[in-house]
Amino acid sequence: MFKSIRHGLFAALAGFTVLLCVGYTGLALVISYVTEDMLVDRLMAREAAAVTAHLNRSGTLAQPADALLRVHGDAATLPAPVREQVAAGRRRAEVFTDTGQHYHFRTLDLPAPGRPRRVYLVADAGPLLVVSKLFQEVGGFLVAVAVGLIGLALLLAWLLARRLVSPLLTLAHEVRDASTGGPARFSAQGRPDEIGYLADRLAAAIDELQATLRRESAFTRDVSHELRTPLTVLRNTLGQATARPLDEQERAQLQAGLAEMGNTIDVLFALARAGHVALEAFDLRGCIEDSLLRLVAQGGRDDDWLALDMPERIDVAGHPTLAALLLNNCLGNALFHGAPGAPLRVSYDGGELAIGNAVDPGRAGTTQGFHHGQNLLGRVAAAMGWQVRFEAGATHYQVVITPRLAG
1 MFKSIRHGLF AALAGFTVLL CVGYTGLALV ISYVTEDMLV DRLMAREAAA VTAHLNRSGT
61 LAQPADALLR VHGDAATLPA PVREQVAAGR RRAEVFTDTG QHYHFRTLDL PAPGRPRRVY
121 LVADAGPLLV VSKLFQEVGG FLVAVAVGLI GLALLLAWLL ARRLVSPLLT LAHEVRDAST
181 GGPARFSAQG RPDEIGYLAD RLAAAIDELQ ATLRRESAFT RDVSHELRTP LTVLRNTLGQ
241 ATARPLDEQE RAQLQAGLAE MGNTIDVLFA LARAGHVALE AFDLRGCIED SLLRLVAQGG
301 RDDDWLALDM PERIDVAGHP TLAALLLNNC LGNALFHGAP GAPLRVSYDG GELAIGNAVD
361 PGRAGTTQGF HHGQNLLGRV AAAMGWQVRF EAGATHYQVV ITPRLAG
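Here UniProt numbering is used: the first residue of the sequence shown is 1, the next is one more, and so on.
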């Protein structure tokens, strides 16, 4: 198993190149020898026809004009290697000898009075074998040329493997050396081939994974940080309950702490899922009215508890669930910590939504929750591309939300 794709591709190309070279060399040799044998066979066929024609005309056997061909009327006069083949029942064959001689022979049954006359046509093909002599004379040169061509083919295979695999190896090195903090960027991104597609998808997957890890880290950090304050308040208040009954202010602190913890948990889970939620266009006024109706359903509101100044419709781009969570927290905090009898003011002007109320100085101990969680609410707004700012004073508190307008 190769440790590098480049080595594996080079081995495949090199093996294919050598196999092709050896295969075509062997094919050329086979064609050469077959052509040589066919030439000798054609020559013998022509001489056999000439011998037959002469016998029919004169009634006698005539030796071929070519000294390499001989007609034997008796098997006893044949060369020993050929005679052995005839004795074995072979009618035609190609005979090699240890002394370097090379014979081709065929048995001819010529027409004659009474019964056919059997003769043997023998060719001493040694001088006609040009292929073997050619390899003896220029074989070294041919081998050198073949080795050179194989070397050139291997060099081209190496260059081709390097060129084809280089972008993939570069991508592998960039992935290995990529930092875990910033966005993933690879040089192969944007290429119009499979490597470019792989780089784009890999960068997107790494960015998504890093975003998920950042949300998980932020969730863990926020759970530890944001819940510590209300838990401390609850613990201290409950510690006092063992010695004496709780007064109205302490019960209010318990109620505020529980509400803050519930809101904080809702916000944390919403932020953890924010990376997977697509934004859409919706009516912000309808979302505000739903949040206000939720407060009305809780009861305990007089007739002039709300001062509302908004247009009939506010088209924004965001996520309705996150927007409702942001509004519920801002409206609930402003109403819970507001001064008695002070109306909750909700207005929209110039692309900004303002939620404000007067703060009761006598309830300063319970207004921690009004400031608590501002970082989380800011992150909820940022997840939708909105902006939020908190304007706190000694007797007044206001939240200004700037949503992203639709379109």
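Backbone N, C-alpha and C define an ideal beta-carbon position, used for all residues, glycine too.
- Message: According to DSSP, simplified to helix, strand and coil, what is H337?
- Response: Taking the first residue of the sequence shown as position 1, residue 337 is located at position 337. Note: H337 maps to coil in three-state DSSP.
- P230 versus N333 - alpha carbon distance: Within the sequence shown, numbered from 1, the residue matching residue 230 stands at position 230. Within the sequence shown, numbered from 1, the residue matching residue 333 stands at position 333. Their backbone Cα atoms lie some 14 Å apart in a straight line.
- Message: Just to confirm, is the Cβ distance from H319 to L279 under 7 Å?
- Response: Here residue 319 is taken as the residue at index 319 of the sequence shown, counted from 1. Here residue 279 is taken as the residue at index 279 of the sequence shown, counted from 1. Their beta carbons are under 7 Å apart, which means H319 touches L279 by this criterion.
- Task: Give the range of the alpha helix (DSSP H) segment to which V175 is assigned.
- Result: Looking up residue 175 in the sequence shown gives position 175. Residues 130-177.
- Item | Supposed close pair R294, M310 - CB separation, criterion 8 Å | Reading the sequence shown from its first residue, position 294 is the one you call residue 294. Reading the sequence shown from its first residue, position 310 is the one you call residue 310. Wrong, their Cβ atoms sit about 17 Å apart, outside the cutoff.
- Query: Taking DSSP as the reference, what is the three-state secondary structure of D207?
  - Reply: Counting from 1 along the sequence shown, the entry for residue 207 is found at position 207. The answer is helix: DSSP assigns D207 an H, G or I state.
- Task: Find out if the Cβ-Cβ distance for the pair T237, L254 is shorter than 7 Å.
- Result: Within the sequence shown, residue 237 is the residue found at index 237, counting from 1. Within the sequence shown, residue 254 is the residue found at index 254, counting from 1. The answer is yes: Cβ separation under 7 Å.
- Message: Buried or exposed for M44, going by 16 or more other Cβ atoms inside 10 Å?
- Response: What you label residue 44 is simply residue 44 of the sequence shown in a count that begins at 1. M44 should be labelled buried.
- Buried or exposed: which applies to F96, given that a residue is buried once 16 or more other Cβ atoms fall within 10 Å of its Cβ? Position 96 of the sequence shown, counting from 1, holds the residue named residue 96. When all chains shown are included, F96 counts as exposed.
- Find out if the Cβ-Cβ distance for the pair V359, T321 is shorter than 7 Å. As a first step, residue 359 must be located in the sequence shown, where it is residue number 359. As a first step, residue 321 must be located in the sequence shown, where it is residue number 321. No.
- When we look at the beta-carbon of Y120 and count the other beta-carbons within 10 Å, is it buried (16 or more) or exposed? Here residue 120 is taken as the residue at index 120 of the sequence shown, counted from 1. The residue in question, Y120, is buried, as its Cβ has 16 or more Cβ neighbours within 10 Å.
- Best match in V147, A317, R42 for proximity to A281 [C-alpha to C-alpha]: Within the sequence shown, residue 281 is the residue found at index 281, counting from 1. With distances taken between Cα atoms, A281 lies closest to A317.
- Message: Which complete beta strand (DSSP E) runs does the segment 59-115 hold, if anything under 3 residues is left out?
- Response: 69-72, 92-96, 102-110
- Task: Would you give the residue range spanned by the beta strand (DSSP E) that E391 belongs to?
- Result: The residue you call residue 391 lines up with position 391 of the sequence shown. It spans 387-392 - the beta strand (DSSP E) in which E391 sits, taken as one unbroken run.
- Should the segment 6-20 be called in touch with the segment 149-157, which here means at least 3 C-beta pairs below 8 Å? yes
- Query: What do you get for H7, buried or exposed, if any count of 16 or more other CB atoms within 10 angstroms of its CB means buried?
  - Reply: As a first step, residue 7 must be located in the sequence shown, where it is residue number 7. H7 is exposed by the Cβ-count criterion.
- Message: Between the alpha carbons of L108 and T52, how many angstroms are there, rounded?
- Response: For the purposes of this step, residue 108 is identified with residue 108 of the sequence shown, where counting begins at 1. For the purposes of this step, residue 52 is identified with residue 52 of the sequence shown, where counting begins at 1. About 9 Å.
- Message: Which residue wins for smallest C-alpha separation from R228, given the options V82, G257, L202?
- Response: Numbered from 1 along the sequence shown, position 228 holds the residue referred to as residue 228. Nearest C-alpha to R228: G257.
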